[in-house]
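Each step along the sequence shown adds one to the number in my numbering, with nothing skipped, and position 588 is 593.
Backbone N, C-alpha and C fix where the C-beta goes; we use that ideal spot for every residue, glycine too.
These numbers come from a predicted model, not from an experiment.
Here is the structure we will look at.
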Amino acid sequence: MKRLERVYLILCIIVLVLHPPPAISQNSPSTICPLNFSIAEPYVSSAASSPPSDLCAFSRQILHLVESDFLLTSNLFVPPSPSAASCWSALSSLLTPLSISLPSSCGFSTLSISAPCMNISSRADFAAVIPTASLADLNRSCDRPLSSSSFCTACTTTLDRIKASYLPGPDVSNVTDCASYPFIYAAAAANRFGPRDPSNANCLFFLPFPSSSSPTSSGSGSSAALPAGIAGGACALVFLAAFCACYFLHRRRHRRRGRLRKQRLMLTRPEGDRLQGSIGASTTLIKFSFDEIRLATMNFSRENIIGHGGYGNVYKGILKDGSEVAVKRFKNCSTAGDGSFVHEVEVIASVRHVNLVALRGYCTATTSMEGHQRIIVCELMPNGSLHDHLFGFAGQKLSWPARQKIAAGTARGLAYLHHSSQPAIIHRDIKASNILLDENFEAKLADFGLARYAPEGVSHVSTRVAGTLGYVAPEYALYGQLTEKSDVFSYGVVMLELLSGKKALITKEDGQNWLVTDWAWSLVKKGETLDVIDEEMEELGPKEVMEKYVLVAVLCSHPLLHARPTMDQVVKILESDLSVPSIPDRPLSIIANKDDIERSMSSSSSGQFFSPGYKPYSLRRDESPIEGSEIL
């Protein structure tokens with residue numbers, strides 16, 4: 006094996022010595038235009054047969070297309086100043102069929118082609134000016150086939166909004182102005198198809214689709230033969246590449262065989278070792294021993310139980326270093342359930358955000374006395390859960406500042422999962438008991454046992470329905486269509502609970518049950534928005550702010566999926582002076598059969614972590630389906 010590798014390396018060295026790479030040009034790189042105008046040849050050829058009415062505007066769009074290709078390859082928006090003259094010369098040569106000479110014909114200055122807007126020269130400069138949430142919105146809106154008119158409209162609308170909000174100028178020239186930057190960025194960095202895709206050029210730069218007879222963009226526009234020296238050097242490089250490719254293919258095959266051997270060894274290991282290998286492959290978490298967990302929880306003492314659900318119990322634990330943790334111990338463990346355990350551990354370990362519960366580590370063990378043990382260790386939340394404060398015990402009501410902070414923090418955590426995590430994560434079980442509060446009442450999302458990754462480019466995931474009735478979005482409960490907007494609906498329900506102090510399912514005086522979303526909508530529709538606010542709240546906030554939060558909650562819990570905002574939009578509305586969009590009317594009610602809903606819903610008994618000073622809240626199925634209730 007080693008002898009064959011040496012042969013490959015010796016052959017590569019011989020080829021390099023005999024055929025060194027040729028020097029392509031002796032000119033100074035600073036004077037050569039780095040823009041590749043050949044990609045625009047098909048559009049110029051098409052325009053020659055049907056000239057546009059405004060040749061100067063057409064020339065600018067051609068330049069923007071070429072600049073987007075330059076941004077893709079160099080991460081720069083504009084070429085360096087010393088190359089300005091040669092770039093104008095190359096563009097004028099390209100536009101010769103249109104009988105226009107630049108820059109003089111349109112009143113452009115020579116240096117304007119290399120003058121950046123707002124000193125934004127690179128992709129990093131652009132990202133520093135645009136907020137992360139808006140940049141994620143841009144990427145999400147434009148990373149689609151823009152041949153669709155609806156996708157194109159959504160993308161350009163987002164780009165116009167970003168320009169208006171963050172790129173006010175002033176423009177240093179009329180060649181590459183601030184308004185063009187989002188479009189150049191979108192073609193290069195936010196769309197997987199790139200600026201060479203005709204649909205992108207048509208949508209983002211208003212360039213007509215090239216005719217089938219248009220020349221391809223693979224050439225440089227010159228039919229001159231390459232010098233013999235360069236051709237010979239090119240052949241040598243191809244020869245070298247072939248040898249190196251053979252070498253690396255051989256190495257790859259060798260590594261693949263090694264992985265297969267490792268997998269076969271894994272199959273012969275004990276179950277606990279295989280599970281540890283699965284988790285360890287994708288995380289750097291601490292693996293606690295079972296004895297360490299027993300010591301931390303006083304041998305799982307009943308006095309240390311701070312929460313429980315269908316999965317098992319949550320214990321307060323104190324590690325050797327004195328730090329307090331919440332220990333979630335799964336019951337009835339078996340090898341069949343290891344997949345879901347690994348999934349939850351990997352999801353929590355893959356995210357890091359101030360509004361998400363942090364995972365400290367995990368424990369997997371198999372003993373003769375206790376059997377299979379699957380445990381995760383998280384940070385302990387001193388103030389328990391939001392459900393505990395709203396409904397779990399008779400204590401002091403949360404003040405308006407605390408509720409406002411919890412609503413905004415939960416929104417930021419969800420926005421991170423939806424728009425900043427790669428791939429996006431859909432939580433699927435947003436409810437008050439899964440929102441935990443630290444010592445400063447900062448909200449943290451917990452319990453990722455039902456979380457799903459959102460496949461890129463897929464409009465929705467069809468899956469078995471899981472969650473808690475009262476919080477589950479209608480399109481998900483009835484049809485199994487899961488999207489990020491399903492979490493938005495659940496967030497709207499939790500926000501209404503937070504603002505009103507009422508549960509997701511309200512029991513009226515006559516014994517009838519009503520969804521809190523329907524109750525809040527009826528008040529908003531009558532113009533009594535502030536009546537949604539909890540009457541027992543001791544410290545209120547400004548009326549206009551409280552009304553804004555109620556409207557956001559009602560909009561998020563709208564039964565129509567497309568009427569709901571994204572979590573990025575929610576965060577921006579809550580943390581800025583932006584007004585709440587108008588709330589569309591709700592459709593006519595659709596009566597759902599109780600048996601159908603119960604068959605579609607699986608039980609969801611998610612746990613929570615409480616401080617030892619609070620009375621543990623045992624999860625109940627009090628969110629059970631209501632017979633004959635209005636689902637929409």
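Does the separation of the CB atoms of residue i and residue j fall below 8 Å?
i, j, result
"residue 139", "residue 82", "no"
"residue 141", "residue 536", "no"
"residue 585", "residue 557", "yes"
"residue 402", "residue 502", "no"
"residue 354", "residue 324", "no"
"residue 364", "residue 290", "yes"
"residue 416", "residue 423", "no"
"residue 118", "residue 92", "yes"
"residue 153", "residue 116", "no"
"residue 73", "residue 189", "yes"
"residue 63", "residue 52", "yes"
"residue 214", "residue 207", "yes"
"residue 193", "residue 107", "no"
"residue 591", "residue 526", "yes"
"residue 79", "residue 121", "no"
"residue 484", "residue 435", "no"
"residue 539", "residue 505", "yes"
Would you decide whether residue i is buried or exposed? Buried here means 16 or more other CB atoms lie within 10 Å of its CB.
i, result
"residue 307", "exposed"
"residue 313", "buried"
"residue 2", "Because the chain spans 6 through 637 in this model, residue 2 falls outside it and cannot be assessed."
"residue 200", "buried"
"residue 547", "exposed"
"residue 531", "exposed"
"residue 211", "exposed"
"residue 98", "exposed"
"residue 550", "exposed"
"residue 486", "buried"
"residue 268", "At residue 268, the pLDDT of 41 sits below 50, so the modelled position is not reliable; the number obtained from the coordinates is stated separately. So residue 268 counts as exposed."
"residue 567", "exposed"
"residue 655", "With the chain covering 6 to 637 only, the question about residue 655 has no answer from this structure."
"residue 233", "Here residue 233 scores only 41 on pLDDT, less than 50, and its place in the model should not be relied on; the value that follows carries that caveat. When all chains shown are included, residue 233 counts as exposed."
"residue 606", "Its pLDDT being 47, under 50, residue 606 is placed unreliably in this model, and the value from its coordinates should be taken loosely. Its Cβ being crowded by 16 or more others within 10 Å, residue 606 is buried."
"residue 489", "buried"
"residue 445", "exposed"
"residue 442", "buried"
"residue 327", "exposed"
"residue 351", "buried"
"residue 414", "buried"
"residue 143", "buried"
Which partner residues of residue i appear in the DSSP bridge assignment?
i, result
"residue 319", "312, 333"
"residue 519", "511"
"residue 361", "450"
"residue 390", "441"
"residue 458", "430"
"residue 291", "366"
Does residue i have its Cβ less than 8 Å from a Cβ in chain D?
i, result
"residue 313", "Although the question refers to chain D, the structure presented lacks it and comprises just one protein chain."
Between which two residues does the beta strand (DSSP E) harbouring residue i extend?
i, result
"residue 383", "376 to 384"
"residue 68", "Per DSSP, residue 68 belongs to no beta strand (DSSP E); it is in the alpha helix (DSSP H), 60 to 79."
"residue 449", "448 to 450"
"residue 298", "Here residue 298 belongs to no beta strand (DSSP E); instead the alpha helix (DSSP H) covers 295 to 301."
"residue 440", "440 to 442"
Counting along the chain, where does the alpha helix (DSSP H) carrying residue i start and finish?
i, result
"residue 418", "405 to 420"
"residue 48", "46 to 54"
"residue 367", "Counting along the chain, residue 367 falls outside any alpha helix (DSSP H), though it belongs to the beta strand (DSSP E) covering 364 to 372."
"residue 203", "203 to 210"
"residue 481", "479 to 484"
"residue 37", "First-last for residue 37: undefined, no H or E at that position."
"residue 498", "489 to 505"
"residue 92", "89 to 99"
"residue 189", "186 to 194"
### Task
Output the residue ranges of the alpha helix (DSSP H) runs that lie fully inside the region 103 to 172 and measure 4 residues or longer, sorted by chain position.
Note on the region 103 to 172: whole alpha helix (DSSP H) runs with a minimum of 4 residues are 128 to 134, 137 to 147, 154 to 171, in chain order.
### Residue ranges of each alpha helix (DSSP H) within the region 534 to 581, 4 or longer
548 to 561, 572 to 579
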